[in-house]
Amino acid sequence: MLPIPAEELNGSGTLGPYWTFYRAVVAEQLNRWLPRSPSVVLDLSRGQGRWSAQAARAGHRVIEVVDFRRAVAVEGQPVLRDAERVRQVRADDLRFLPDGSVDAVLAEDRSMSLELMAESALADVVRVLRPGGRALVCVDSLVLGMAILAEQNYWAHLRQTSEVMLVPWPDGSITRCFSSAQLRELLAEAGLEVEWIRPRTVLSPSTVDHVLAADSRALNWLVRTELEAHPDDDDTVGIHLVASARRV
1 MLPIPAEELN
11 GSGTLGPYWT
21 FYRAVVAEQL
31 NRWLPRSPSV
41 VLDLSRGQGR
51 WSAQAARAGH
61 RVIEVVDFRR
71 AVAVEGQPVL
81 RDAERVRQVR
91 ADDLRFLPDG
101 SVDAVLAEDR
111 SMSLELMAES
121 ALADVVRVLR
131 PGGRALVCVD
141 SLVLGMAILA
151 EQNYWAHLRQ
161 TSEVMLVPWP
171 DGSITRCFSS
181 AQLRELLAEA
191 GLEVEWIRPR
201 TVLSPSTVDH
211 VLAADSRALN
221 WLVRTELEAH
231 PDDDDTVGIH
241 LVASARRV
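Using UniProt numbering, the first residue of the sequence shown is number 1, and each one after it goes up by one.
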């Protein structure tokens, strides 16, 4: 399956039904992944707030970090906010947290791909995780990176898939893309035991669009179908990879 064109990746393109499906998959995957008992959750997902709110509704106390490793707050949202279960903190590293102080870490929304020195960022994550604590990490896939390079006619770079792939985007930003093997190695070297790695979605935009056009009530069925698939370590499809790992 060809990945989604770069101009669609921010959800502002023509693939509205697919992005509705994608966000529903993310929400249900997080719902299944979050700890069952009330916990302390650290959210490094670029200040978006969506995942922090979901974790708080599930009964967890959340520390949402804004500006972690150059992350930015969403326009229109307050830069800092305190709530009963969510505390938002501006920081570019995790020195404000003691060792082993959180139960779970969310690194959603490609945050580790936007951090080019992901090894250093993950070392911070492992330090603050308690033994047995878990991390959920989403990154840009190697398939996506190769497609963006091809669109920009960087053909020579496509032969360097065994090395770190840094991909320039049309807007001038740079993202780090991973194969499943590279992501597994990154997590293991940081001291995390990988539980699973999979594409975020394997259903194609055309399939999702066709099903939802036939029956708009089929969204829940599509989400269940996606999450019940087991494409572990399959990095031949999908624009993003998502991994769950545990601190040993």
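Every residue, glycine too, gets a C-beta built ideally from N, C-alpha and C. Every value quoted in this text rests on a predicted model; they were computed, and no experiment measured them.
- Any chance the region 32-45 sits against the region 92-105, with 3 or more Cβ pairs inside 8 Å? yes
- Using the rule of at least 16 other Cβ atoms within 10 Å of the residue's Cβ for burial, across every protein chain shown, is M117 buried or exposed? exposed
- Start-to-end residues for the alpha helix (DSSP H) that takes in T20: G16 to W33
- Message: Less than 7 Å between CB atoms is the rule here; does A135 satisfy it with respect to chain C?
- Response: Judged by its chain identifiers, the structure shown contains no chain C, having just a single protein chain.
- Message: On a Cα-Cα basis, can you pick out the residue from P205, E189, R217 and S179 that is closest to A245?
- Response: E189
- Message: Can you list, in chain order, the residues of its chain with a C-beta nearer than 6 Å to that of R198? Leave out the 5 residues immediately preceding and following it.
- Response: P231 and D232
- For D67, which three-state DSSP category applies? coil
- Item | Beta-carbon proximity check, P98 vs R247, cutoff 7 Å | no
- Message: Quick check: what's the CA-CA separation for W51 versus A27?
- Response: 8 Å
- Item | Q54 in three-state terms, based on DSSP | helix
- Task: Give me whichever residues DSSP pairs with W196 in a beta bridge.
- Result: S244
- Kindly indicate which residue of V126, I239 and T225 has the alpha-carbon position closest to the one of M146. I239
- Message: Which same chain residues end up closer than 7 Å to E193 when comparing Cβ atoms and leaving out the 5 residues on each side of it in sequence?
- Response: A245, R246 and V248
- Message: Can you tell me whether M165 is helix, strand or coil according to DSSP?
- Response: strand
- Is it true that the region 199-214 meets the region 165-174, where meeting means three or more beta-carbon pairs spaced less than 8 Å apart? no
- Query: Buried or exposed: H60, going by 16 or more other Cβ atoms within 10 Å of its Cβ?
  - Reply: buried
- Going straight from the alpha carbon of T20 to that of D209, what length do you get? 10 Å
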